[in-house]
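Have a look at the structure below before the remarks.
Protein chains: 2
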Amino acid sequence: MNATIKDVAREAKVSIATVSRVLNNSAVVTDETKQRVLDAIKKTGYKPNALARSLKIQKTHTIGLIVPDISSPFYPEVVRGIEDIASMYSYNIFLCNTDQKEDKEMNYIEILSEKQVDGIIYMGDIIRDSVKQQLHDVGIPIVLAGTEDAEFEFPNVNIDNKKASYDAVKYLISLGHKKIGMISGPSDDPIGGVQRTSGYKEALSEAKIRFKSSLVVEGNFKARQAYLAMLKLLENNVDAVFAASDEMAAAAINAIFDSGFSVPEDIHVIGFDNTYLSYMFRPTITTIQRPAYDIGAVSMRLMTKLLAKEPIDDMHVVLPHQLIVRESTGYGEEKK
Amino acid sequence: MNATIKDVAREAKVSIATVSRVLNNSAVVTDETKQRVLDAIKKTGYKPNALARSLKIQKTHTIGLIVPDISSPFYPEVVRGIEDIASMYSYNIFLCNTDQKEDKEMNYIEILSEKQVDGIIYMGDIIRDSVKQQLHDVGIPIVLAGTEDAEFEFPNVNIDNKKASYDAVKYLISLGHKKIGMISGPSDDPIGGVQRTSGYKEALSEAKIRFKSSLVVEGNFKARQAYLAMLKLLENNVDAVFAASDEMAAAAINAIFDSGFSVPEDIHVIGFDNTYLSYMFRPTITTIQRPAYDIGAVSMRLMTKLLAKEPIDDMHVVLPHQLIVRESTGYGEEKK
DNA sequence: CCACCTCAAGTTATCGTTTTCTCATACCTT
DNA sequence: AAGGTATGAGAAAACGATAACTTGAGGTGG
Numbered sequence: 001m002n003a004t005i006k007d008v009a010r011e012a013k014v015s016i017a018t019v020s021r022v023l024n025n026s027a028v029v030t031d032e033t034k035q036r037v038l039d040a041i042k043k044t045g046y047k048p049n050a051l052a053r054s055l056k057i058q059k060t061h062t063i064g065l066i067v068p069d070i071s072s073p074f075y076p077e078v079v080r081g082i083e084d085i086a087s088m089y090s091y092n093i094f095l096c097n098t099d100q101k102e103d104k105e106m107n108y109i110e111i112l113s114e115k116q117v118d119g120i121i122y123m124g125d126i127i128r129d130s131v132k133q134q135l136h137d138v139g140i141p142i143v144l145a146g147t148e149d150a151e152f153e154f155p156n157v158n159i160d161n162k163k164a165s166y167d168a169v170k171y172l173i174s175l176g177h178k179k180i181g182m183i184s185g186p187s188d189d190p191i192g193g194v195q196r197t198s199g200y201k202e203a204l205s206e207a208k209i210r211f212k213s214s215l216v217v218e219g220n221f222k223a224r225q226a227y228l229a230m231l232k233l234l235e236n237n238v239d240a241v242f243a244a245s246d247e248m249a250a251a252a253i254n255a256i257f258d259s260g261f262s263v264p265e266d267i268h269v270i271g272f273d274n275t276y277l278s279y280m281f282r283p284t285i286t287t288i289q290r291p292a293y294d295i296g297a298v299s300m301r302l303m304t305k306l307l308a309k310e311p312i313d314d315m316h317v318v319l320p321h322q323l324i325v326r327e328s329t330g331y332g333e334e335k336k
Numbered sequence: 001m002n003a004t005i006k007d008v009a010r011e012a013k014v015s016i017a018t019v020s021r022v023l024n025n026s027a028v029v030t031d032e033t034k035q036r037v038l039d040a041i042k043k044t045g046y047k048p049n050a051l052a053r054s055l056k057i058q059k060t061h062t063i064g065l066i067v068p069d070i071s072s073p074f075y076p077e078v079v080r081g082i083e084d085i086a087s088m089y090s091y092n093i094f095l096c097n098t099d100q101k102e103d104k105e106m107n108y109i110e111i112l113s114e115k116q117v118d119g120i121i122y123m124g125d126i127i128r129d130s131v132k133q134q135l136h137d138v139g140i141p142i143v144l145a146g147t148e149d150a151e152f153e154f155p156n157v158n159i160d161n162k163k164a165s166y167d168a169v170k171y172l173i174s175l176g177h178k179k180i181g182m183i184s185g186p187s188d189d190p191i192g193g194v195q196r197t198s199g200y201k202e203a204l205s206e207a208k209i210r211f212k213s214s215l216v217v218e219g220n221f222k223a224r225q226a227y228l229a230m231l232k233l234l235e236n237n238v239d240a241v242f243a244a245s246d247e248m249a250a251a252a253i254n255a256i257f258d259s260g261f262s263v264p265e266d267i268h269v270i271g272f273d274n275t276y277l278s279y280m281f282r283p284t285i286t287t288i289q290r291p292a293y294d295i296g297a298v299s300m301r302l303m304t305k306l307l308a309k310e311p312i313d314d315m316h317v318v319l320p321h322q323l324i325v326r327e328s329t330g331y332g333e334e335k336k
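Chains A and B supply the protein sequences, listed in that same order.
In terms of the UniProt record's numbering, the first sequence opens at residue 1 and continues consecutively.
In terms of the UniProt record's numbering, the second sequence opens at residue 1 and continues consecutively.
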């Protein structure tokens with residue numbers, strides 16, 4: 001069907017080696033032969049077969065992306081950042097949605113490995129030991145985008161989650177709040193759980209506010225648990241709440257209203273992630289924004305360096321986040 | 001590095017052919033030898049090299065996705081739909097962002113072809129002749145997702161855009177409007193321009209409302225032009241407007257307010273696509289929703305059929321759309 | 001008892017490249 | 001003039017699989 005290097009060789013009356021040489025500029029070929037080959041290529045409409053090439057050179061110029069769900073907020077931007085840089089360095093990307101399920105993750109990593117990807121960029125909140133092990137076993141560069149493993153074994157690009165929640169809580173303190181509650185992520189989530197909670201603690205301690213464990217209730221990033229969590233916090237008369245996700249913040253606000261209080265008049269609320277929920281919800285929700293595109297772009301750039309075996313200054317890049325102030329902390333009456 | 005079929009063969013003391021046979025169940029192998037091979041595979045940690053396999057069998061089980069921008073609304077859902085079905089049929093997908101630029105599209109199609117993808121799913125509002133030609137030339141199955149070419153040369157999955165805008169305008173008519181303006185897509189866009197305009201005309205003519213060309217202003221799906229377009233329409237005293245995109249609808253609403261009128265009190269507005277803008281904006285915008293996930297899923301299913309050379313009942317699938325009624329046409333005070 | 005068939009398993013060509021050798025020619029050098 | 005060294009280009013061996021052919025041992029029938 002498609003012309004192969006052989007056809008070109010025959011057409012140009014040279015050996016396939018010579019064709020390969022002009023294709024890759026891998027050795028000197030006289031201008032005259034080169035021209036003959038070029039003509040033959042044009043005439044035959046020859047397109048090199050990347051499969052054969054990759055098989056031989058043991059590089060596919062392809063990298064795999066493990067994503068929880070491309071259709072959920074945050075990830076499309078990250079992926080776009082990745083792909084932009086990838087294309088800049090002529091890499092292609094395999095997109096794999098896993099819903100953060102262990103079996104899907106394991107399965108995709110295996111497939112990517114069989115397809116000989118040059119590297120894998122992993123995204124997801126929690127990175128299980130089994131997955132970690134398998135990522136190691138593949139024996140190719142791995143970059144974690146927008147996440148990190150507990151031991152920092154893998155290169156990664158992320159924001160400083162502790163600092164981010166520190167900033168959020170500090171802002172609440174700056175507004176004069178003393179009884180600040182938190183609806184955290186699961187305690188077994190090293191980032192959304194542990195880190196964000198520790199940022200909360202730090203902000204308190206810096207402001208010499210005593211930490212009370214009754215003011216931190218564990219959530220799972222989802223609405224239902226957060227609603228109940230907020231009810232508990234209300235019993236403790238909090239005057240502000242920091243939730244580790246926008247969805248939980250929204251649920252908390254609902255709980256507050258349902259209990260007869262109001263946001264931002266009685267209680268201030270801050271969420272996390274700047275999802276559309278945070279500006280769609282009324283009142284709009286003050287939140288922390290992660291630089292999604294940049295996380296992707298920087299991750300991929302890091303990957304290219306790893307692939308080129310370039311020296312790397314920092315295997316763990318921390319990108320700046322941003323506090324976006326909205327109605328839920330009393331700012332910005334959205335005007336019609 | 002990685003064990004190859006040879007290593008397995010040596011370990012199991014059989015020929016590589018036998019290993020291949022148990023791998024693919026392509027011929028009978030005695031249980032005893034089979035077991036030996038299986039053991040050897042486990043022992044060596046052998047993973048078949050998909051590249052080598054693909055080179056030989058001339059199939060990669062990979063398909064390419066041409067997308068304008070994965071980080072813009074609509075596409076993430078479509079892609080998720082595609083990937084779900086792809087993974088169900090054990091296909092992997094290459095994601096390519098083109099920003100709908102001709103050179104990027106051409107370039108990606110070439111690369112995908114070199115990487116020997118089994119098929120390409122194309123997304124994008126406009127499909128240029130050059131691109132069309134190149135898609136043909138690759139000689140593999142092509143499916144257009146959420147779009148279509150003028151001549152219906154390629155299999156595709158889409159909604160009925162004419163019907164969709166017909167429905168939108170008909171709804172406006174049902175609300176008692178007579179002077180209905182339209183901010184269309186570019187006239188060289190066969191779908192967002194031509195089709196949606198023709199649906200508008202049809203709804204009018206069905207209601208015996210005379211079409212006036214002054215009531216249709218061409219936009220480019222973006223805010224700026226739409227804002228100006230709306231100002232023009234206001235000069236013509238329209239009492240309702242149908243815009244071919246949510247962004248244009250939002251801009252139109254801004255123009256209306258800035259001119260001292262109000263939505264929905266004075267003028268009703270309908271957008272297109274049900275992007276987050278349509279529910280984030282105040283007033284929330286009545287709009288047409290395209291079933292993004294389904295468009296993706298059905299496109300990929302169609303692709304699998306094409307690849308399997310199954311008989312296909314319909315090369316051109318039309319999926320149902322939906323009118324989502326919100327504040328901009330006077331319905332649904334969003335309650336706190 | 002031998003020709004023939006069956007069936008498991010081995011040999012080998014092939015997919016389309018890259019790359020290492022080789023080799024022939026031409027050009028220096030002394 | 002003889003020997004050494006560039007230099008351009010061909011031959012052939014990979015890369016790691018699949019699959020078409022062989023092979024050879026054992027079973028069957030006339």
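Even glycine gets a Cβ: it sits at the ideal position worked out from N, Cα and C.
Given the structure is predicted, the values throughout are model-derived calculations rather than measurements.
In the three-state DSSP reduction, A:I82 falls in the helix class (H, G or I).
The beta carbon of A:V318 sits closer than 7 angstroms to those of N158, I159, D160, all from its chain and outside the five residues before and after it, given in chain order.
For A:V67, the closest C-alpha among the options A:N274, A:A40, A:L95 is that of A:L95. Annotation: A:A240 is outside any alpha helix (DSSP H); the continuous beta strand (DSSP E) that includes it extends over 240 to 243.
The DSSP assignment places 62 to 67, 92 to 97 as complete runs of the beta strand (DSSP E) inside the segment 39 to 119 of chain A, in order along the chain (cut-off: 3 residues). Taking the beta carbon of B:I111 as reference, the chain A residues within 7 angstroms of it are N92, listed in sequence order.
In terms of beta-carbon proximity, B:V19 stays away from the interface with chain A, with every pair separated by 8 angstroms or more. Beyond the five residues adjoining it in sequence on each side, A:I253 comes within less than 6 angstroms, by CB distance, of V263, V269 in the same chain, given in chain order. Here B:T287 is bridged, per DSSP, to B:I324. With 16 or more other CB atoms across the displayed protein chains lying within 10 angstroms of its CB, A:Q116 is buried. Contact check between the segment 12 to 19 of chain A and the segment 33 to 50 of chain A: three or more CB pairs, one atom from each, fall below 8 angstroms, which counts as touching.
For B:I120, not one C-beta of chain A is nearer than 8 angstroms to its own C-beta. A contact is defined here as three or more CB-CB pairs under 8 angstroms, and the segment 118 to 136 of chain A meets this definition with respect to the segment 299 to 308 of chain A. For B:I270, none of the residues of chain A pass the 7 angstroms Cβ criterion, the least Cβ distance being about 19 angstroms. Looking only at B:A292, B:L277, B:V8, the smallest Cα-Cα distance to B:I285 is reached by B:L277.
For B:A229, the closest alpha carbon among the candidates B:F211, B:P186, B:V194, B:D266 is that of B:P186. Judged by pairs of C-beta atoms under 8 angstroms, the segment 148 to 158 of chain A touches the segment 310 to 324 of chain A, as three or more such pairs exist.
For B:L234, the enclosing alpha helix (DSSP H) begins and ends at 223 to 235. In this model, A:E327 and A:F281 are separated by some 10 angstroms (Cα to Cα).
Scanning its chain for C-beta atoms nearer than 6 angstroms, with the 5 sequence neighbours on each side dropped, one finds around A:L144 the residues Y122, F154, N156, in chain order. Assigned with DSSP and collapsed to three states, A:V157 falls in strand. The count of Cβ pairs closer than 8 angstroms, one atom from the segment 80 to 90 of chain B and one from the segment 74 to 81 of chain A, stays below three, leaving the stretches out of contact.
The contact set of A:I85 on chain B, defined by CB atoms closer than 8 angstroms, is empty, because the minimum CB distance reaches about 11 angstroms. B:V37 places its beta carbon less than 8 angstroms from that of B:A12.
The DSSP-derived three-state label of A:M303 is helix. In the three-state scheme derived from DSSP, where H, G and I count as helix and E and B as strand, B:I253 is classed as helix. Here B:H316 is bridged, per DSSP, to B:N156.
About 18 angstroms separates the beta carbons of A:I111 and A:Y91, which is beyond the 8 angstroms limit, so they are not a contact pair. Contacts with chain B (Cβ-Cβ distance below 9 angstroms) from the segment 257 to 290 of chain A involve F257, Y276, Y279, M280, R282, P283, listed in chain order. When secondary structure is reduced to three states using DSSP, A:M182 falls in the strand class. Closest option to B:L23, judged by alpha-carbon separation, among B:Y46, B:K178, B:R10: B:Y46. Nearest CB-CB separation between A:K115 and chain B: below the 8 angstroms threshold.
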